[in-house]
Each structure stands twice: as structure tokens, then as C-alpha cells.
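Quick notes on the structure that follows.
Residue numbers (the working numbering): 3 to 629.
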């Protein structure tokens with residue numbers, strides 16, 4: 003275990019050992035019996051700082067034979083494991099136990115607990131680090147990441163901002179803050195946070211890539227592409243930017259180019275299971291697919307390993323395997339993986355199904371006939387908007403693609419605009435939708451409508467019609483009717499069980515917390531159906547065009563003509579060839595709308611029927627008859 007003559011000297015001088023401290027007192031581990039000397043600790047520090055993590059592990063193990071209660075050595079051993087991608091949790095837990103007043107030890111433990119998916123424990127350790135050292139900016143960032151993983155976004159944002167108060171140029175805090183703001187739909191604020199990080203560190207490739215994702219949500223395609231390309235100029239190995247470009251290619255139907263980019267990203271990070279999930283989604287797979295084999299190998303390795311796979315990786319693994327087994331018709335193994343993936347995902351956030359039911363009830367209570375009559379007669383008379391709404395995975399993307407293939411229509415995709423406007427505090431008392439609506443007068447309603455139309459026009463100034471395909475705009479159909487009386491509203495229905503199953507087997511990029519548990523998903527659908535029935539009862543006949551997904555599959559042209567006529571447009575044959583459109587599609591149905599209509603998605607739930615008891619029980623009469 004002696005230092006070699008040509009090794010870096012343990013004192014940290016940067017000189018070779020033979021030209022520095024050789025002869026001044028060599029390093030002999032066996033010469034001490036109580037605690038490591040400064041020379042011994044300096045050696046470990048030098049190995050860490052020079053990235054020699056295997057050597058660091060070996061020296062730390064040797065020293066722990068002599069000093070088994072040295073919290074500092076346990077800490078450095080744990081850090082060597084982290085940097086090698088090994089399980090660091092036991093060593094860092096030991097370090098924190100031995101160093102109860104060491105903020106860094108508790109901060110390191112928090113990071114390891116988060117990787118293992120023990121999020122509540124990670125938050126507790128992060129808070130302990132901050133009790134010891136209230137100005138520990140890095141601990142605030144680690145705490146913020148754990149809170150963000152738990153879905154506690156407001157608290158995560160507060161933690162990142164506290165880190166920035168301590169350390170205003172902390173680019174990692176700015177980058178993470180941008181991610182949390184994006185999850186809340188505060189896209190302009192998220193973009194500003196990324197741009198601030200880039201002002202401080204212009205060569206921060208990951209921040210360029212993350213800014214690109216936000217610009218996609220804002221509809222700024224050229225800016226998005228520029229961000230990814232800049233990230234790759236800075237770091238040609240920036241796999242996040244490759245994934246962004248690959249997803250752009252998927253969105254525009256360039257599936258072969260998307261596949262090529264995902265494979266390049268895998269060359270950089272072969273164990274990146276998110277990339278393998280994206281690759282699985284590009285096309286249907288067959289037995290023998292090498293990506294399938296890699297995922298099975300990853301699952302087997304995790305089973306044989308001494309420690310569990312980090313929960314985020316495990317979520318991607320199970321959703322990817324579920325997709326593969328579904329493609330090859332092995333429905334039992336597919337559902338086993340979907341169940342496991344959903345269980346892991348559901349454990350990362352809190353969700354109250356009863357609270358959601360109450361929210362639906364509050365909307366029904368507020369938007370009675372009297373409220374709708376009171377608001378009618380103002381708003382904006384524009385005929386620009388076409389709303390396509392319904393449950394996610396019900397066929398809304400298909401309907402928008404058909405309509406947006408018309409030359410007079412711009413497909414804007416899923417816009418957050420309407421619900422952001424609807425949340426405005428009308429009375430200045432902190433009340434938001436729907437309880438802000440009783441204070442809404444016709445003047446304010448007209449201002450809301452003008453703001454919404456202006457947002458559409460910024461996206462496509464020359465378009466005669468613009469689609470807004472945010473599925474959950476069904477929360478505000480009564481508001482749309484009052485605010486935009488000439489807007490067209492198309493409600494898309496699909497078999498409830500097919501809809502719910504398609505949600506359950508999809509790992510969404512947005513927060514749809516109700517989709518990862520069959521009973522909670524069923525209750526959400528029941529509440530949604532109840533709300534839609536309310537809108538039908540309080541709004542004038544003809545306000546909505548009801549479109550059934552299965553009818554489109556059976557009679558594509560007939561249903562397409564019906565929708566185009568409802569929108570007040572002349573017929574164009576491009577609406578039949580919707581799958582040839584080059585417009586970007588950024589939804590979970592991106593691959594389906596690049597193909598002609600197919601029938602295999604009708605009654606898709608039947609092979610999974612034996613697993614769907616909890617869903618079918620909650621749906622009750624809404625579900626088709628069981629076999």
C-alpha cells in the first residue's frame with residue numbers, strides 16, 4: 003500500500019512523490035492505531051481530487067481495517083462508490099452515524115437515499131444537514147431535488163431559491179429551478195432561470211439542452227433546435243441534447259433519424275434506460291430486438307445485484323419492458339412490468355383521489371346555469387380557436403391531426419394558455435379556479451378572452467383557425483362557452499377501459515398522477531364523465547361536437563367531413579392523408595398519427611381483462627360487459 007515514486011504526492015502539491023515528500027516521512031498505514039493522520043487523510047483527498055476512485059476505494063478499505071470508526075474515511079469510501087456508480091448508501095449511512103454533526107456527511111447521505119428512491123428519508127437527511135449548517139447551499143439543492151422527486155414542487159422551488167440567496171451564481175441551482183418551474187407550467191420563468199445559468203456559465207451544455215425543452219413547450223421550434231445544437235457544439239457527448247433532437251424528429255415523423263439519434267445517445271450512455279424507453283417507442287419491436295435483449299439483461303443484472311436499481315432507472319426499465327412484451331403479444335409479462343413501473347412511479351408523489359373528486363364537484367357547483375347566463379354576452383367573438391379535448395389517450399391527437407391537416411388550420415398542440423388564464427386571482431384574495439369565477443365580471447371575461455386570442459395569434463399570425471388540443475380543457479368548457487362564444491369545441495370519446503388502459507401503460511412526461519393506480523384512474527374517469535354530463539345539461543345544444551374514436555376508425559372520411567364541416571371549413575382531401583402531415587406532434591400518440599388508421603387499438607383492453615378488476619369495479623356501468 004506504499005505510494006509509488008511516480009505517484010502524485012499525498013500532500014496535494016501536484017508534484018511526484020519522489021520529488022516532494024519522499025524521505026520526509028513515508029506513509030505507513032500500520033504505524034497508527036487510533037485515528038487517521040493528516041497525511042493519510044490528505045492522500046485520500048488527493049486521490050478523490052484527481053479522480054482516482056478505484057485507488058481511493060482500495061486505500062479507504064485498508065484504512066478502515068485500522069480505524070473502523072473513522073467517519074471521514076467512511077465518507078470518502080462512500081464518495082468513491084458514488085463516483086464509480088456503485089451502491090454508496092451503506093458507507094454514507096455509516097459516515098453520517100459516526101459524524102452526527104457533519105453537515106456534509108448528512109448531505110451526502112441525502113443524495114444517496116434519493117438515488118435509491120427513499121425520498122422521505124432523503125428529505126429528512128437534507129434537513130438535518132441544513133440544521134447543522136444553515137448556509138450550506140449544496141444541501142439546499144439536494145433537498146430541492148428530493149422534494150421535486152416527491153412532487154412537492156413549491157417547496158423544491160423555495161429550496162433552490164434559498165441556495166441562490168446564499169450563492170447567487172450557483173448554476174446547478176438555477177438549472178434545477180428551471181426544471182421545477184417547467185413542471186409547474188411556468189414556462190417563461192423556467193426559460194429565464196436557464197438563461198440566467200447560461201449568462202453565468204455560457205458553456206453549460208445541459209442548461210442549453212433544458213432550455214430547448216422549454217422552448218418546445220412554448221412553441222419556439224427554431225429556438226429549441228438552436229439550443230440542442232449549441233449544447234452539442236459545447237459537448238458533442240451531450241446525450242440530453244441528442245435525445246431532444248431525437249424527440250423532435252419523432253414529432254415531425256422522421257422516425258429513422260430519431261432512431262439513429264437515440265442509438266448515438268446509447269453509445270455514450272449504454273445504461274441509460276430512458277433512452278432505451280424512447281427507442282422502444284419509435285417502432286413496434288419483434289423478438290430478437292437488441293434493445294429488448296439489453297433491457298432483459300439489465301433486469302437480470304438488477305435481480306442478481308446486492309442493491310436495488312435506482313428507482314428512476316427501474317421505472318424506465320419496467321415501462322420499456324412492458325411495451326416490448328405488449329408488442330410481441332406476451333400480455334402477462336407486459337402487465338407485470340406495467341404494474342411494477344406504475345407502482346414505483348406512484349411511490350414518488352402524493353395524490354389524493356378524494357381531493358380530485360371534490361375539485362370536479364366544485365366546478366359543477368360553480369358553473370350552474372345562472373353563472374353561465376350571467377357571463378354570456380361578452381368575451382371575444384373570434385372564430386380563430388378550435389378546442390379538441392377529452393381524456394388523455396382518447397384520440398384527441400388523432401382528431402387534431404385530421405383537422406390540422408387542412409391548409410387553413412394551424413395545429414398548436416397542447417397549450418397551457420386557457421387554464422393559466424382561468425387561474426387568475428380576480429378579486430385579489432388568493433382564490434383560483436373555479437372559486438374565482440363568481441367574482442368574474444363581463445369586462446374581465448372580455449380581457450381574458452383577448453389575452454387568449456393574442457396568445458394564439460402569436461403562435462401562427464397568418465392562420466385562419468388554430469387548434470388547442472390540451473385534453474384537460476374539459477375542466478373549463480363552461481368558461482370557453484362564455485369567453486369565446488364562436489369557438490368550436492370538439493369532445494373526443496373512446497371506450498372508457500381502452501382509454502384508461504392506454505393511460506396506465508404510458509409513462510407520461512407531464513404530471514398525471516391519477517394514471518398510475520387502477521382504482522384511482524377509474525375514479526378519475528368516473529369524475530370526468532360526471533363533469534361532461536354536467537356540461538351537456540347546462541350548455542345549449544350544439545355547443546359541443548361529440549366524436550367517438552371507434553367511429554373514426556370505422557368511417558374515417560365520414561367522421562373527418564363531419565368535423566371539418568362543424569369547424570366551418572371547406573373540405574380538403576389532405577384531411578384523409580393526415581399521417582403524411584409534417585407538422586410536429588408532441589404527445590404520447592406521436593407514433594400512431596404517423597400511420598394510417600388501424601383497428602388494433604379498438605377493444606385493446608380485452609387481452610388484459612383478467613388484470614383490470616380494480617379499474618372495472620370502479621368504472622361500474624361505464625365499462626363494457628366483461629367476457
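From the three backbone atoms N, C-alpha and C, an ideal C-beta is built for every residue, glycine too.
Predicted, not measured: the structure shown is a model, and the values here were computed from it.
Taking 6 Å as the limit between beta carbons, can you name the residues of its chain near residue i, skipping five residues before and five after?
i           : result
residue 26  : With a pLDDT of 46 at residue 26, under the threshold of 50, the modelled position of this residue cannot be trusted, and the question is left open.
residue 350 : 151
residue 316 : 346
residue 518 : 344, 347, 348
residue 267 : 241, 244, 245, 277
Using only the heavy atoms of the ligand MG, determine whether one of them is closer than 7 Å to the beta carbon of residue i.
i          : result
residue 62 : With respect to the ligand MG, the structure shown offers nothing to examine, as it has no ligands at all.
Taking only three categories from DSSP, how would you classify residue i?
i           : result
residue 546 : strand
residue 438 : coil
residue 387 : strand
residue 413 : strand
residue 285 : coil
residue 467 : strand
residue 179 : helix
residue 125 : helix
residue 393 : coil
residue 103 : coil
residue 369 : coil
residue 256 : coil
residue 568 : helix
residue 325 : helix
residue 42  : helix
residue 1   : Since the displayed the chain opens at 3 and closes at 629, residue 1 lies outside it and no answer follows.
residue 154 : coil
residue 590 : Confidence in residue 590 is poor, its pLDDT being 47 and thus under 50, which makes the residue's placement unreliable; the coordinate value appears in the next sentence. Looking at residue 590 - three-state DSSP - the assignment turns out to be coil, as it is neither helix nor strand.
residue 239 : coil
For residue i, count the other beta carbons within 10 Å of its own beta carbon; 16 or more makes it buried, fewer makes it exposed. Which is it?
i           : result
residue 617 : buried
residue 512 : exposed
residue 325 : buried
residue 591 : Legend: pLDDT at residue 591 = 47, less than 50; position of this residue unreliable, value from coordinates given subsequently. Residue 591 is buried by the Cβ-count criterion.
residue 573 : exposed
residue 74  : buried
residue 482 : buried
residue 133 : exposed
residue 286 : exposed
residue 248 : buried
residue 396 : buried
residue 567 : exposed
residue 182 : buried
residue 97  : buried
residue 211 : buried
residue 33  : The predicted model places residue 33 with a pLDDT of 41, which falls under 50 and marks its position as unreliable, so this point remains unresolved.
residue 270 : exposed
residue 377 : buried
residue 239 : exposed
residue 258 : exposed
residue 208 : buried
residue 38  : buried
residue 178 : buried
residue 431 : exposed
Excluding five sequence neighbours on each side, which residues of the same chain lie with their C-beta closer than 7 Å to the C-beta of residue i?
i           : result
residue 161 : 142, 145, 146, 149
residue 137 : 168
residue 620 : 521, 524, 525, 528
residue 202 : 171, 173
residue 425 : 434, 435
residue 95  : 111
residue 30  : For residue 30, the predicted model reports a pLDDT of 43, less than 50, meaning its position is unreliable and no value from the coordinates is stated.
residue 85  : 55
residue 301 : 319, 323
Between residue i and residue j, how many whole angstroms is the CB-CB distance? I'm expecting something under 8 Å.
i           : j           : result
residue 303 : residue 409 : No, residue 303 and residue 409 are not in contact; Cβ-Cβ is about 52 Å, not under 8 Å.
residue 385 : residue 475 : Not confirmed; about 17 Å, so no contact.
residue 417 : residue 472 : 5 Å
residue 444 : residue 380 : 4 Å
residue 610 : residue 503 : 6 Å
residue 389 : residue 491 : 5 Å
residue 62  : residue 78  : 5 Å
residue 50  : residue 81  : 6 Å
residue 229 : residue 217 : 6 Å
residue 114 : residue 90  : 5 Å
Going by DSSP, what residues sit across from residue i in a beta bridge?
i           : result
residue 494 : 549
Apart from the five residues on each side of it in sequence, which residues of its chain come closer than 8 Å, Cβ to Cβ, to residue i?
i           : result
residue 312 : 117, 118, 119
residue 57  : 49
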